[in-house]
């Protein structure tokens with residue numbers, strides 16, 4: 004199909020460009036690309052790897068140099084950071100899940116959750132990039148892990164012997180335990 008012929012039809016032009024991009028990626032990778040593919044962002048907490056929907060992540064950033072501690076906050080709440088003039092709550096995800104602290108490594112990153120209501124950055128040990136899975140790769144059951152986060156998992160994606168638990172950032176930020184960051188009895 005000639006792209007020039009679609010110049011007056013912007014939506015159809017975008018669809019054709021997307022189709023061509025998927026075909027080019029598939030040709031490069033040697034696998035067919037389909038509209039049913041699911042693309043997620045892979046991240047690491049300790050030795051465990053997870054994927055989350057790219058729609059749930061607004062951006063990925065290095066851990067901010069300036070994080071202001073909040074008096075009376077639970078230890079997993081690192082504090083507040085100024086991100087381009089907007090205040091952002093910075094949470095150590097591994098610490099919140101009871102698995103020790105994150106972010107001491109050079110490759111630590113902050114996943115900015117795509118939420119207008121709860122502006123949150125989650126510190127993870129490393130972001131490993133995008134992962135693409137076919138719809139048939141999804142399983143309802145997630146393998147048991149060392150980090151206790153079953154409440155936030157939505158199954159997993161399996162490819163060969165590898166399992167990638169799907170971590171829902173939106174479930175996390177809706178959890179009342181997550182939303183209660185103040186220490187009990189602090190006045």
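Residue numbers (our numbering): 4 to 190.
We put the CB at the ideal spot given by N, CA and C, even for glycine.
- A residue is called buried when at least 16 other Cβ atoms come within 10 angstroms of its Cβ; residue 116 meets this threshold and is buried.
- Approximately 18 Å separates the beta-carbon atoms of residue 90 and residue 65; this is outside 8 Å, ruling out the contact.
- Here residue 42 is not near residue 169, since their CB atoms are 8 Å or more apart.
- Inter-residue distance for residue 92 and residue 39 is about 34 Å (C-alpha atoms, whole angstroms).
- Annotated three-state conformation of residue 28 is helix, per DSSP.
- When the alpha-carbon of residue 126 is set against those of 84, 156, 88, 157, the nearest one is in 84.
- Fewer than three pairs of CB atoms, one per stretch, sit closer than 8 Å, so the segment 132 to 148 makes no contact with the segment 66 to 86.
- Taking all protein chains shown into account, residue 185 has fewer than 16 neighbouring C-beta atoms within 10 Å of its C-beta and is therefore exposed.
- Taking every protein chain shown into account, the CB of residue 164 has fewer than 16 other CB atoms within 10 angstroms, so this residue is exposed.
- Positions of the beta strand (DSSP E) runs, each at least 3 residues long and wholly inside the segment 76 to 133, are given as 80 to 86, 89 to 95, 112 to 116, 123 to 127 in order along the chain.
- Counting the other Cβ atoms within 10 Å of the Cβ of residue 10 gives fewer than 16, which makes it exposed.
- Restricting attention to 13, 12, 181, the CA atom closest to the CA of residue 98 is found in 181.
- Non-local C-beta neighbours of residue 144 in its own chain, meaning closer than 8 Å and more than five positions away in sequence, comprise 158, 159, ordered along the chain.
- Contact annotation: residue 59 and residue 173 have beta-carbon atoms nearer than 8 Å.
- In the three-state reduction of the DSSP assignment, residue 143 falls in the coil class, being assigned neither a helical nor a strand state.
- Contact check for residue 61 against residue 128 fails: the beta carbons are separated by 8 Å or more.
- Residue 68 is classed as exposed because its beta carbon has fewer than 16 other beta carbons within 10 Å across all chains shown.
- For residue 176, the three-state secondary structure derived from DSSP is helix.
- Around the beta carbon of residue 112, 16 or more other beta carbons lie within 10 angstroms, which makes this residue buried.
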